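These protein sequence lines are chains A and B, in that order. According to this note's numbering, the residues represented by the first sequence are 1 to 273, in order. According to this note's numbering, the residues represented by the second sequence are 1001 to 1106, in order.
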Amino acid sequence: MRPPQGPPPKISLPGISHVVAVASGKGGVGKSTVAANLALALSRTGARVGLMDADIYGPSVPMMMGVGCPVDQTVTPFPLDRFGIKLMSIGFVVPPERAVIWRGPMVDRALRQFLTDVTWGSLDYLIVDLPPGTGDAQLTLAQHAPLTGAVIVTTPQDVSLIDARKGLEMFREVRVPVLGIVENMSFFVGEDGKRYEIFRHGGGKKLAEAASVAFLGDIPIDPRVAECGDQGEPIVHRYPDSVVAKAYVALADSVIQQLAAQKQEPELPEVQM
Amino acid sequence: MAASAPDTPFPKAMRREGDYLVIEWSDGLVGRLTWKQLRDACPCAGCKDEREKPANPFRILKAEEMVPLAPVNMPRIGRYAYKIVWSDGHDTGIFTLEHLRELCQR
């Protein structure tokens, strides 16, 4: 048996006011899109914002924010700056065609390095784009990082809502406040001005009510969202007057309100040995 | 309306008193758990598995098992749990607040 170890170093981020995780139980609900656009919408309020990609196996931030990879750190040190947002992603150091095949402890180490070795400076918000599920990345952040709260992203279908609930329960169990639920791909506004609820609508709100958390807003579908993501310029930046961009601005307001209303959770007492 | 922790009492103070871990809870309950009790209730996968197996009558004690077990450290894990680092090197058990509370109420 290995010798007794000391406690893992607790990550302290004194320059960052709020660390907000953007999570979902299910993949493919647009979590990275929400994280990137939420970061930009927060930045439009004048706040200093960072975006950390905690998806080690499938990083999306480089493409969504238009960063060519890999990045030469000697020329452009981390965090990168794009659209006024500070960025970090494993995708900046691993070429896009190479898979990261790591077990949990390596993921843990990478995330710790992102938080502690990257010079984030003073930030009002650090948005953390989590991978789907309730695994290593989520646990590392819940156990060692000073998470202020989590935003849960879902789409309206039951198959997504079931997993969103799991994500929500995970954060509750580890006592990270859930700031609320966002329903992404909520509806589509046609050229006729009518609203079409392609995947149904309202599931996110119902889940929020059932779980007694805030419903932070719904984000409509717009084909330009995907186009912007693929071209490396999120819709909030490219089309700031679009319905979707306005929905993100409203989402940012809701997040700010929830953070302000949040009851400060007490720190656990140290055990006097 | 940010949803936070499960609605369980919170530890106000925790200290080692010899063979005991004393926990003062926010609702006034003071729990006194022996370290042996805690080790026997270790929630890690290895210990759970060990508890579920039939006892091995031929088990040979290792050198580190010959000396009485003692806690070396008890770091906080996030906002929801503690880990106990034992003198024999065992440190994989994460005791959630709910688990500690349940042990205190037994």
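Glycine included, C-beta positions come from ideal geometry on N, C-alpha and C. Note that the structure is a prediction, hence the values are computed from the model and not measured.
- Pro223/A places its beta carbon 8 Å or farther from that of Glu183/A.
- Using a C-beta cut-off of 8 Å, the segment 1090-1099 of chain B makes contact with the segment 1038-1045 of chain B, since at least three inter-stretch Cβ pairs fall below that distance.
- In the DSSP assignment, Asn37/A falls within the unbroken alpha helix (DSSP H) covering Lys31 to Ser43.
- Scanning its chain for C-beta atoms nearer than 8 Å, with the 5 sequence neighbours on each side dropped, one finds around Ala247/A the residues Gly217, Asp218, Ile219 and Pro220, in chain order.
- The C-beta distance from Ala137/A to Val107/A rounds to 6 Å, short enough to meet the 8 Å contact threshold.
- At a cut-off of 8 Å between beta-carbon atoms, Lys1048/B makes no contact with chain A.
- The segment 1006-1073 of chain B is shown to contain whole beta strand (DSSP E) runs of 3 or more residues at 1011-1017, 1020-1025, 1030-1034 and 1071-1073, in chain order.
- Contact note: Met273/A reaches chain B through Arg1015, Arg1016, Pro1071, Val1072, Asn1073 and Met1074, using a C-beta cutoff of 9 Å and chain order.
- Looking at the DSSP output, Arg1076/B shares a beta bridge with Tyr1082/B.
- Using a CB distance below 7 Å, no part of the segment 224-251 of chain A faces chain B.
- In the DSSP assignment, Asp129/A falls outside any alpha helix (DSSP H) and within the unbroken beta strand (DSSP E) covering Leu123 to Asp129.
- Shown here, Val182/A sits in a strand according to DSSP, grouped into three states.
- Within chain B, the residues whose beta carbon sits less than 9 Å from that of Leu268/A are Phe1010, Pro1011, Met1014, Arg1076, Ile1077, Gly1078, Arg1079, Tyr1080, Ala1081, Tyr1082 and Leu1097, listed in sequence order.
- Closer than 8 Å to the CB of Val153/A there is not a single CB belonging to chain B.
- Of all residues in the segment 171-201 of chain A, those with a C-beta nearer than 9 Å to a C-beta of chain B are Phe171, Arg172, Glu173, Val174, Arg175, Val176, Pro177, Val178, Leu179 and Gly180, reading in chain order.
- Annotation for His237/A: Leu40 and Phe83 place their beta carbon closer than 7 Å to its own, counting only its chain and skipping 5 residues before and after.
- One alpha carbon belongs to Val100/A, the other to Ala23/A, and they sit about 21 Å apart.
- A Cβ-Cβ distance of about 17 Å is found for the pair Met64/A and Phe78/A, leaving them out of contact under the 8 Å criterion.
- The segment 62-117 of chain A is shown to contain whole beta strand (DSSP E) runs of 3 or more residues at 80-82 and 85-88, in chain order.
- Rounded to the nearest angstrom, the Cβ distance from Val128/A to Val20/A is 7 Å, consistent with a contact under 8 Å.
- When Cβ-Cβ separations below 8 Å define contact, Glu209/A makes no contact with chain B.
- Within chain B, no C-beta atom comes less than 9 Å from the C-beta of Gln138/A; the nearest is roughly 11 Å away.
- Membership of Asp53/A in any alpha helix (DSSP H) is not indicated; the residue belongs instead to the beta strand (DSSP E) covering Val49 to Asp53.
- Beta-bridge annotation (DSSP): Asp218/A is paired with Glu183/A.
- Out of Gly28/A, Tyr57/A and Glu191/A, the CA that lies nearest to the CA of Arg98/A is found in Tyr57/A.
- For Ala142/A, the closest Cβ of chain B is nearer than 8 Å.
- DSSP lists Ala1081/B as the beta-bridge partner residues of Thr1096/B.
- Look at Gln262/A here: in three-state DSSP terms it is coil, with no helix or strand label.
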